[in-house]
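Each residue of the sequence shown is one higher than the one before, starting from 1 at the first, in UniProt numbering.
Built from N, CA and C at the ideal position, the CB exists for glycine as well.
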Amino acid sequence: MNNLRPYLDKTPQLGQRVYVDPACTVIGDVVLEDDVSVWPGTVIRGDVNHVRIGARTNVQDGTIIHVSHDSPYNKGGYPTLIGADVTLGHGTIIHACTIGDACLIGMGAIILDGAVIEPNAFVAAGAVVGPGKRVGSGTLWVGNPARPARALSDKDIQGLLYSAQHYVRIKDQYLAQGG
């Protein structure tokens, strides 16, 4: 795949049964664990820090994932760490942050430097989670700036996992037809 590109001495690493669409770009120090899917138009850039994406996570069309560098103003910089069973909706911007397991980041949402999204959280479409903000487990956050809207029900949390499982099935169909 020529859409997997090295940066300096780092090359993207892929687990088993990973689908990386030919119309996306993955650069540098990036690890995609088993059953991850990366859809068209996505850019994942692990150049000045590293990106780790957990098993069964789906990175939907047009998403941008990047990191921040070490500087006098940002000691050590921030990597981007994304857990297992996460759904990153179409057109999200994920920048130098941490997203826990079984989260859903809605279409067009933006997560900024140093933010932490705890497991089983839902960030609504178009929401902007500012630098250093912490989104609590089991909550829905909405708006710009993002703020808590309500607690998630057990059914809501099951829906977060369903989304990830659904994309694993779609990814498997793409792989089965040679994609």
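- Contiguous beta strand (DSSP E) elements confined to the segment 63-94 occur at 64-66, 80-82, taking only those with 3 or more residues.
- Shown here for residue 34: same chain residues with a beta carbon closer than 8 Å to its own, the five before and five after excluded, namely 15, 16, 17, 18, 55, 56 in chain order.
- When the Cα atoms are used, residue 170 and residue 40 turn out to be separated by approximately 14 Å.
- Cα atoms of residue 161 and residue 86: separation of roughly 8 Å, rounded to the nearest angstrom.
- Annotation for residue 46: the continuous beta strand (DSSP E) segment containing it runs 43-53.
- Look at residue 15 here: in three-state DSSP terms it is coil, with no helix or strand label.
- Nearest Cα to residue 64 within the set 71, 26, 13, 141: 26.
- Excluding residues up to 5 positions away in sequence, 118, 121, 148 lie with their Cβ nearer than 8 Å to the Cβ of residue 136 in the same chain.
- Take residue 133, set aside five residues on each side of it, and the residues of its chain with a beta-carbon closer than 6 Å to its own are 115, in chain order.
- Just measuring C-alpha positions, the residue of 166, 9, 113 sitting nearest residue 81 is 113.
- With respect to residue 159, residue 151 sits apart: the two C-beta atoms are not nearer than 8 Å.
- In the three-state DSSP reduction, residue 168 falls in the helix class (H, G or I).
- Shortest Cα-Cα distance from residue 74 to any of 167, 164, 155, 96 involves 96.
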